[in-house]
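In the working numbering, the protein residues as written are -19 to 192.
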């Protein structure tokens, strides 16, 4: 039998099941290594995209909106242990991470950006692949919490956001993408991914987002 260990951190949870059930905000891969100008892979365009479009500012505003409405905010990050035992060495995307020390857990690189950092009572889930569901307890956690609708923000639009949106759709969640809270390497990748996701999700902005 496969002994699959998943990483979930919950310092304390003070959820009101009746109040927040149905909706949750997933904040995907808002890590220093990806978006901070000094991050290991930020030079691929993610830091510049954020500086141009102010995505982190809007993401922080969106987090506040969910918190004020009483809906849970969950934080997903990609990371590997110091040995990189979980790293997919054959992956064109992640296969070289160990060579330059990217996405190492318990390092500055896998800490969440200060603008969108988790509150002490918010869940943190660590993954080792692109999508947020693969190899994690995310689905079980959401089902246990009674969540039916997922709102996605994060980086990159065409990677973790799209991958998670597709699987969430196939797991029968209602999916909404908050487009101006998502970061990509460039505008072309961002727009193309949004066009793909509109076939299986609703695309909104921070200005058109409604939590009713």
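Note that beta-carbon positions come from the ideal geometry of N, C-alpha and C, so glycine has one too.
Going by the beta-carbon positions, is the gap between residue i and residue j smaller than 8 Å?
i, j, result
"residue 91", "residue 12", "yes"
"residue 85", "residue 60", "yes"
"residue 55", "residue 102", "yes"
"residue 144", "residue 8", "yes"
"residue 106", "residue 57", "yes"
"residue 15", "residue 27", "yes"
"residue 172", "residue 138", "yes"
"residue 141", "residue 10", "no"
"residue 186", "residue 41", "yes"
"residue 112", "residue 118", "yes"
"residue 93", "residue 37", "no"
Once you ignore the five residues that flank residue i on each side, which residues in its own chain have a CB closer than 7 Å to its CB?
i, result
"residue 51", "0, 3, 4, 5 and 191"
"residue 146", "180"
"residue 78", "64 and 67"
"residue 89", "11, 12, 13, 19, 20, 82 and 83"
"residue 122", "4"
"residue 98", "55, 92 and 104"
"residue 62", "84"
"residue 30", "15, 36 and 163"
"residue -7", "The predicted model places residue -7 with a pLDDT of 42, which falls under 50 and marks its position as unreliable, so this point remains unresolved."
"residue 80", "20"
For the beta strand (DSSP E) holding residue i, just list the boundary residues, first then last.
i, result
"residue 182", "182 to 184"
"residue 6", "2 to 8"
"residue 13", "Looking at the DSSP string, residue 13 is not in any beta strand (DSSP E); the run it does join, the alpha helix (DSSP H), is 12 to 15."
"residue 160", "154 to 163"
"residue 53", "53 to 58"
With a threshold of 6 Å on Cβ separation, who are the neighbours of residue i within its own chain once the five nearest residues in sequence on each side are excluded?
i, result
"residue 127", "4"
"residue 24", "165"
"residue 129", "2, 3 and 154"
"residue 148", "130 and 155"
"residue 49", "191"
"residue 39", "96, 133 and 161"
"residue 170", "137 and 164"
Which first and last residues belong to the alpha helix (DSSP H) in which residue i is found?
i, result
"residue 23", "Taken as a continuous stretch (DSSP letters only), residue 23 belongs to no alpha helix (DSSP H), as it is neither H nor E."
"residue 42", "35 to 49"
"residue 172", "167 to 177"
"residue 151", "It is not in any alpha helix (DSSP H) - residue 151 carries neither H nor E in the DSSP assignment."
Note down, in chain order, each residue of its chain lying with its Cβ closer than 8 Å to the Cβ of residue i, except the 5 sequence neighbours on either side.
i, result
"residue 33", "160 and 163"
"residue 183", "156, 157, 159, 174 and 177"
"residue 43", "5, 7, 53 and 96"
"residue 193", "No statement about residue 193 is possible, as the shown extent of the chain runs from -19 to 192 and does not include it."
"residue 188", "none"
contact_flag[the stretch 147 to 158, the stretch 119 to 133] where n(CB pairs < 8 Å) is 3 or more: yes
Of all the beta strand (DSSP E) runs that stay within the bounds of the stretch 60 to 137, which reach a length of 3 or more residues? 104 to 107 and 127 to 135
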